[in-house]
Amino acid sequence: AVVSTQSTGEDRFDHRLLNLRSNVAYLIDNLQYYLHVDVLETNFTELINKLNATQDFEQIRKAHRFFLGEILAWSFVSNELNSATRLIDTVISLGFQTARMFEEDPDEIQITKLESNYNFLVAHMLKMLESSASRQHNSFMNQLLLRIDYNGFFTQVRAQKLEKKR
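The sequence shown begins at 416 in this note's numbering and counts up one residue at a time.
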């Protein structure tokens, strides 16, 4: 377990692991919120508006096909965005790995490795989103980037790390 007993008998939480859990949960929460609100809700509302505005079956079929296409694209299921899908899978996998650490008694090396994976993952995700959003002018990439880095915190941390390397 994460709780360990010191020689004084007091319980001690590994604050690094708790912080990592919080950070991973933040990423997963924002991905889930993006998919639910920005992708499904927005596109479903547009579909319903189009359905209510027409009685023509072909227009309904066209609206539904457009809805499905948007859902696939915005949720990174389409083939062009395969790297984004793999990245999201990696985020979820990191969430499971972090959760498993609470069932085990992790050592310093395991926690450091998970922290490094998380830092790399966030940097890679931001770089990919920024690159795709600027290159393809994808509003959904911009929206996800805004969800994850709304106050510029991750961008600032990444800039500081790059500055330290110089």
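Every residue gets a Cβ at the ideal spot worked out from N, C-alpha and C, and that includes glycine.
Between A478 and F491, the CB-CB gap reaches or exceeds 7 Å.
A distance below 7 Å separates the beta carbons of L560 and L544. Sequence-distant partners of L442 (beyond 5 residues in either direction) whose C-beta falls short of 6 Å from its own C-beta, in its chain, are V506. Classified as exposed, Y565 has fewer than 16 neighbouring CB atoms from the shown chains inside 10 Å of its CB.
Excluding its 5 nearest sequence neighbours in each direction, D453 has C-beta neighbours in its own chain below 6 Å: Q558, listed in chain order. One alpha carbon belongs to S546, the other to Q571, and they sit about 17 Å apart. Counting along the chain, H430 sits inside the alpha helix (DSSP H) bounded by residues 430-448.
The Cβ-Cβ distance between N458 and I486 falls below 7 Å.
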